[in-house]
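*Asks:* Okay, so the sequence shown: first residue is -6 according to our numbering, each after it adds one. Virtual Cβ for every residue (Gly too), placed ideally from N, Cα, C. Let me begin by handing over the structure; questions about it come next.
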Amino acid sequence: YSVKDQFSYGHYYVFCWILVAHCVHPGKGTLTNLFRWIPERILYKHMVRLLQSDRWNFMQVFRWHCLQVWKQIPIPEDKILYLIIDKTLVEKTGKKHPYNRKTKTGYGEKTWKYGFYVVILVAHWGPYRFPIDFRLVTPKGESGHKTPNELFVEMFENFQPPKWAKKVICLGDCEYAAKISMQAIIRKGESTNISGIEYSFIFSCPRTWKLEGETTVGGKPKKLKDVVNHLPRYRYKKTWFEQINGRRRYFWIYSRKARLNGVGDVTMVVSKKRRNSVPKKAKIFVTNIPNVSASQVVRIYRRRWYAEVLNHELKSACGLGHHQVTKKPERVQRSVAISMVTYLTILRFEVDKIKPNKHWSINTLKHFFTIRVFKEQSESRIKLRRRKKAA
-6 YSVKDQFSYG HYYVFCWILV AHCVHPGKGT LTNLFRWIPE RILYKHMVRL LQSDRWNFMQ
54 VFRWHCLQVW KQIPIPEDKI LYLIIDKTLV EKTGKKHPYN RKTKTGYGEK TWKYGFYVVI
114 LVAHWGPYRF PIDFRLVTPK GESGHKTPNE LFVEMFENFQ PPKWAKKVIC LGDCEYAAKI
174 SMQAIIRKGE STNISGIEYS FIFSCPRTWK LEGETTVGGK PKKLKDVVNH LPRYRYKKTW
234 FEQINGRRRY FWIYSRKARL NGVGDVTMVV SKKRRNSVPK KAKIFVTNIP NVSASQVVRI
294 YRRRWYAEVL NHELKSACGL GHHQVTKKPE RVQRSVAISM VTYLTILRFE VDKIKPNKHW
354 SINTLKHFFT IRVFKEQSES RIKLRRRKKA A
């Protein structure tokens, strides 16, 4: 009810019912399927009009729900906040879709996919994860195009950490290990040094990065791949850490100090799953966290997988990309915002079901939310019948 002033006309009531239908609907979240789960007085054209209308501020509604989640989730003991940046491909086949493109995903894939990209900034600590900001990637050649790294810098500069946070660690894969991303994190850490919040990063770095002040035998600038390809096996050390399920995960790691071109002094960590793995299967991490061990870097970076889990949950349980919207970019943005708000709403009501040091899924919380809604609705109808009989 606090965001009712962000809507005009009857859009507020239509938005509430679409949100409830998303939270309890078990199938694909298209408008046609959601229409069967709302009252008859709300017509299908009212739902379409909500996505087409610019008379409501969808970003203010999304930020208000994020604020409520910030208040309800318990504060971690170490007061460390992890910011995970990732993008996901939402497959759509409509030719009139303003963000659609033909692209390939992953490594070694030969099939083309058609859809649009959503860059999501995820907040994570302990067992909790939820989206705090998002941007849609405009195809190349069109006005307003920005790369995913530029969108990440834009979201990161607008990010305001909670008061309890003492340290913020940004995590990302090779795509976001760019100069502008690392420089933005370093710059914000230097500007907010007075407040006592430390900003740092751990990125999976591509092998083409050059090391400043180091050259090969031929006199060329040394790259990260030169370090990995010529690293002897005896330089790797075996380490392990315990996962949530109690099993041990083993890695072979190597670390050293380095200076990246355009970034500065960092700690470089090379990690392999097996000692005899070829250099191509090794991953390279770079971080500016002071006095950190190689095993800690690998353990922290594994938290980036929670962004992949969240992307899957948004598509399967919250209807990301299921709405029938075309032509105007603002309509697609409102559709994505509704899916994000659905995730935050389910998490707000069922956050007490999440146990520490245990896996959870938004689909399970959605099941508990559906039971809660049906139970309260049944109890209210029973009370109403009793009143009528008593009268």
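For residue 29 and residue 95, what's the separation of their Cα atoms in angstroms?
*Replies:* Cα to Cα, residue 29 sits roughly 33 Å from residue 95.
*Asks:* Closest to residue 256 by CA distance: which of 50, 198, 288 and 242 is it?
*Replies:* Of the candidates 50, 198, 288 and 242, the one whose C-alpha sits nearest the C-alpha of residue 256 is 198.
*Asks:* With C-beta atoms as the reference, is residue -5 less than 8 Å away from residue 49?
*Replies:* Not in contact: residue -5 and residue 49 (Cβ atoms no closer than 8 Å).
*Asks:* Given a cut-off of 8 Å on the beta-carbon distance, is the pair residue 414 and residue 164 in contact?
*Replies:* Residue 414 is absent from the model: the chain starts at -6 and stops at 384.
*Asks:* Are there 16 or more other CB atoms within 10 angstroms of the CB of residue 153, so buried, or fewer, so exposed?
*Replies:* By the 10 Å Cβ count, residue 153 comes out exposed.
*Asks:* Mind checking which residues open and close the beta strand (DSSP E) that includes residue 245?
*Replies:* From DSSP, the beta strand (DSSP E) with residue 245 extends over 241 to 253.
*Asks:* Along the alpha helix (DSSP H) that carries residue 298, what are the first and last residues, could you check?
*Replies:* 298 to 310 is the extent of the alpha helix (DSSP H) around residue 298.
*Asks:* Would you be able to state if there are at least three C-beta pairs under 8 Å between the segment 162 to 176 and the segment 125 to 133?
*Replies:* Contact fails: fewer than three Cβ-Cβ distances are below 8 Å.
*Asks:* Identify every residue that forms a DSSP beta bridge with residue 233.
*Replies:* BP columns for residue 233 point to 243.
*Asks:* Between residue 353 and the ligand ADP, is the CB less than 7 Å from at least one heavy atom?
*Replies:* Questions concerning the ligand ADP fall outside what the structure shown contains, since it holds no ligand whatsoever.
*Asks:* At the level of alpha carbons, what is the spacing between residue 192 and residue 179?
*Replies:* Between residue 192 and residue 179, the C-alpha separation is close to 7 Å.
*Asks:* Quick check on residue 297: buried or exposed, where buried means 16 or more other Cβ atoms within 10 Å of its Cβ?
*Replies:* With 16 or more Cβ atoms within 10 Å of its Cβ, residue 297 is classed as buried.
*Asks:* Assign residue 79 to one of two classes, buried (16 or more other C-beta atoms within 10 Å of its C-beta) or exposed (fewer than that).
*Replies:* Buried is the call here.
*Asks:* Contact between the segment 306 to 320 and the segment 274 to 284: three or more CB pairs below 8 Å?
*Replies:* Contact fails: fewer than three Cβ-Cβ distances are below 8 Å.
*Asks:* Quick one: what's got a C-beta closer than 8 Å to residue 53's C-beta in the same chain, skipping five residues either side?
*Replies:* Correct list, in chain order: -4 and -1.
*Asks:* Within the segment 139 to 203, note down every full beta strand (DSSP E) run reaching 3 residues or more, in order along the chain.
*Replies:* Whole beta strand (DSSP E) segments, 3+ residues: 160 to 165 and 191 to 197.
*Asks:* Grouping DSSP H, G and I as helix and E and B as strand, with all else coil, what is residue 84?
*Replies:* Of the three classes helix, strand and coil, the one that applies to residue 84 here is strand, per DSSP.
*Asks:* Which of helix, strand or coil does DSSP assign to residue 345?
*Replies:* Residue 345 falls in the helix class under three-state DSSP.
*Asks:* Inspect the CB distances between the segment 82 to 97 and the segment 350 to 370 and report whether three or more fall short of 8 Å.
*Replies:* Taking 8 Å as the limit for Cβ pairs, the verdict is that the segment 350 to 370 does not touch the segment 82 to 97.
*Asks:* Looking at the unbroken alpha helix (DSSP H) that takes in residue 360, where does it start and where does it end?
*Replies:* Counting along the chain, the alpha helix (DSSP H) containing residue 360 begins and ends at 355 to 383.
*Asks:* Would you tell me roughly how many angstroms separate the C-alpha atoms of residue 411 and residue 204, rounded to the nearest one?
*Replies:* With the chain running from -6 to 384 in the structure shown, residue 411 is simply not present.
*Asks:* So if DSSP puts residue 261 in a beta bridge, which residue, or which two residues, is it bridged to?
*Replies:* Paired residue(s): 249 and 279.
*Asks:* Which first and last residues belong to the beta strand (DSSP E) in which residue 71 is found?
*Replies:* From DSSP, residue 71 is part of no beta strand (DSSP E); its letter is neither H nor E.
*Asks:* Could you check if residue 65 is buried or exposed, using at least 16 other CB atoms within 10 Å of its CB as the buried criterion?
*Replies:* Exposed: under 16 other Cβ atoms inside 10 Å.
*Asks:* Per DSSP, what are the beta-bridge partners of residue 117 in this structure?
*Replies:* For residue 117, which the question treats as bridged, DSSP gives the partners 75 and 122.
*Asks:* Given that a residue counts as buried once 16 or more other Cβ atoms are within 10 Å of its Cβ, and exposed if not, what is residue 375?
*Replies:* With fewer than 16 Cβ atoms within 10 Å of its Cβ, residue 375 is classed as exposed.
*Asks:* How about residue 91 and residue 351: are their beta carbons less than 8 Å apart?
*Replies:* Their beta carbons are not under 8 Å apart, which means residue 91 does not touch residue 351 by this criterion.
*Asks:* Tell me the DSSP bridge mates of residue 107?
*Replies:* Residue 107 is bridged to 95.
*Asks:* Are the CB atoms of residue 287 and residue 248 within a distance shorter than 8 Å?
*Replies:* Contact flag set, yes.
*Asks:* Using the C-alpha atoms, what's the distance from residue 338 back to residue 19?
*Replies:* Their backbone Cα atoms lie some 16 Å apart in a straight line.
*Asks:* So residue 218 is in the alpha helix (DSSP H); what residue range does that whole segment cover?
*Replies:* Here the alpha helix (DSSP H) through residue 218 covers 217 to 222.
*Asks:* Just how far apart, CA to CA, sit residue 137 and residue 93?
*Replies:* The straight-line gap from Cα to Cα measures roughly 15 Å.
*Asks:* Which residue from 221, 324, 347 and 182 puts its Cα closest to that of residue 268?
*Replies:* With distances taken between Cα atoms, residue 268 lies closest to 221.
*Asks:* Nearest to residue 181 by alpha carbon, out of 106, 4, 146 and 117?
*Replies:* It is 146.
*Asks:* Just verifying my parser: in three-state terms, what is the DSSP assignment at residue 335?
*Replies:* Residue 335 falls in the helix class under three-state DSSP.
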